[in-house]
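Heads up: the structure comes next, in structure tokens.
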Amino acid sequence: MKLIRGLADIIYPPRCAICKQFLWKGPLINEDNSLSLCQTCIADFRHISSPLCPICGVPFPSEIKEDHPCEDCLRKRPFFDTAVAPYSYEGPILEAIHRLKYGAKSFLAGSLGPLLSRFTEERIKESGHLLTMPVPLHPKRVRERGFNQSLLLARHVAKGLKSDLDFLSLKRVRYTLPQTRLAKKERQRNVRGAFQLKNRDAVKGKTILLVDDVVTTGNTMNECARVLKKGGSGKVFCVSLARAVR
1 MKLIRGLADI IYPPRCAICK QFLWKGPLIN EDNSLSLCQT CIADFRHISS
51 PLCPICGVPF PSEIKEDHPC EDCLRKRPFF DTAVAPYSYE GPILEAIHRL
101 KYGAKSFLAG SLGPLLSRFT EERIKESGHL LTMPVPLHPK RVRERGFNQS
151 LLLARHVAKG LKSDLDFLSL KRVRYTLPQT RLAKKERQRN VRGAFQLKNR
201 DAVKGKTILL VDDVVTTGNT MNECARVLKK GGSGKVFCVS LARAVR
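Residue 77 in the UniProt record's numbering sits at position 77 of the sequence shown, and the numbers go up by one each step.
What follows is the structure, given as structure tokens:
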């Protein structure tokens with residue numbers, strides 16, 4: 001297979017999925033040595049750094065580097081214990097995620113997944129019964145898209161953490177509008193009651209790591225965490241590849 005892939009790369013040289021430059025040398029080494037993003041585009045992913053909210057992960061536009069809870073989390077603490085993301089949802093990372101989700105470029109998870117996995121290994125130090133779960137899509141959305149991008153990313157995260165992966169116990173039982181089209185209060189109502197825990201025994205007493213591609217207001221993650229904790233889970237940590245900056 002490596003020989004066939006090598007010949008294919010000579011005949012049809014791989015290009016970066018974002019800028020279309022040739023990928024003669026790639027930044028990532030993954031299971032099948034496939035490359036889909038160039039070093040330049042990955043270097044342009046904007047990292048999220050302090051100061052930020054240690055609960056929901058939203059960054060603050062301030063020169064003071066001390067983290068502190070945001071107003072929303074002080075007013076009403078989320079059901080999840082913390083939510084983190086390595087990148088701000090803009091520029092090349094936004095383009096990459098859009099191509100993954102809406103452009104049927106599922107192979108991009110092979111490059112984006114290891115980035116999220118390495119970040120998660122650095123940030124999540126929880127030991128014990130850690131269970132990795134992707135934010136589920138409604139079956140109709142899966143049929144439309146052909147895959148759940150959060151599950152593709154979660155596979156890499158679970159492998160990096162050497163944790164179990166469960167993508168069956170938490171289900172999306174109500175078809176919802178995309179969150180990006182809605183105002184803040186509408187987003188809360190949109191996901192309320194959208195998820196259901198099918199197997200309580202699978203999460204009882206366990207620390208859950210929820211994986212998603214993008215967090216905007218955090219309402220989807222928060223509703224998932226509410227359902228999981230109601231079902232008997234322990235702490236719920238959330239990680240996403242990117243976060244929308246207010």
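Glycine included, each C-beta is placed from N, C-alpha and C at the ideal position.
Checking 9 Å against the spacing of the C-beta atoms, do residue i and residue j come in under that value?
| i | j | result |
| --- | --- | --- |
| residue 240 | residue 202 | no |
| residue 116 | residue 42 | no |
| residue 252 | residue 83 | Look at the range of the chain in this structure, 1 to 246, and you will see that residue 252 is not part of it. |
| residue 218 | residue 69 | no |
| residue 171 | residue 151 | no |
| residue 204 | residue 149 | no |
| residue 223 | residue 191 | yes |
| residue 243 | residue 85 | yes |
| residue 135 | residue 220 | yes |
| residue 64 | residue 37 | no |
| residue 129 | residue 175 | no |
| residue 157 | residue 120 | yes |
Quick test of your reading: residue i and residue j, contact by CB under 8 Å. State the CB separation rounded to the nearest angstrom.
| i | j | result |
| --- | --- | --- |
| residue 153 | residue 211 | 6 Å |
| residue 124 | residue 88 | No, residue 124 and residue 88 are not in contact; Cβ-Cβ is about 20 Å, not under 8 Å. |
| residue 234 | residue 200 | Residue 234 to residue 200, Cβ: 13 Å. No contact. |
| residue 147 | residue 92 | Actually they do not touch by this definition, with Cβ atoms about 22 Å apart. |
| residue 66 | residue 51 | 6 Å |
At which residues does the beta strand (DSSP E) containing residue i begin and terminate?
| i | result |
| --- | --- |
| residue 208 | 207 to 215 |
| residue 53 | It is not in any beta strand (DSSP E) - residue 53 carries neither H nor E in the DSSP assignment. |
| residue 176 | From DSSP, residue 176 is part of no beta strand (DSSP E); its letter is neither H nor E. |
| residue 238 | 236 to 243 |
| residue 134 | 130 to 134 |
Tell me the residue span of the alpha helix (DSSP H) that contains residue i.
| i | result |
| --- | --- |
| residue 150 | 149 to 161 |
| residue 139 | 139 to 145 |
| residue 228 | 219 to 230 |
| residue 259 | As displayed, the chain neither begins before 1 nor continues past 246, which places residue 259 out of reach and without an answer. |
| residue 48 | Unbroken run through residue 48: none, as it is neither H nor E. |
| residue 192 | No alpha helix (DSSP H) contains residue 192, which DSSP labels as neither H nor E. |
| residue 201 | 200 to 203 |
Kindly indicate if chain C contains any beta-carbon less than 9 Å away from that of residue i.
| i | result |
| --- | --- |
| residue 145 | The chain labelled as chain C is not found in the depicted structure, where only one protein chain is given. |
For the 8 Å Cβ check, are there 3 or more pairs between the region 207 to 223 and the region 156 to 163? Flag = yes, the region 207 to 223 and the region 156 to 163 touch.
Can you list, in chain order, the stretches of the alpha helix (DSSP H) that have 4 or more residues and sit fully within the region 55 to 125? 71 to 75, 91 to 102 and 109 to 123
Check whether the region 46 to 66 touches the region 102 to 111, counting contact only when three or more Cβ pairs, one atom from each stretch, lie closer than 8 Å. no
Using 8 Å as the threshold, is the region 213 to 228 in touch with the region 93 to 106, meaning 3 or more CB pairs across them? yes
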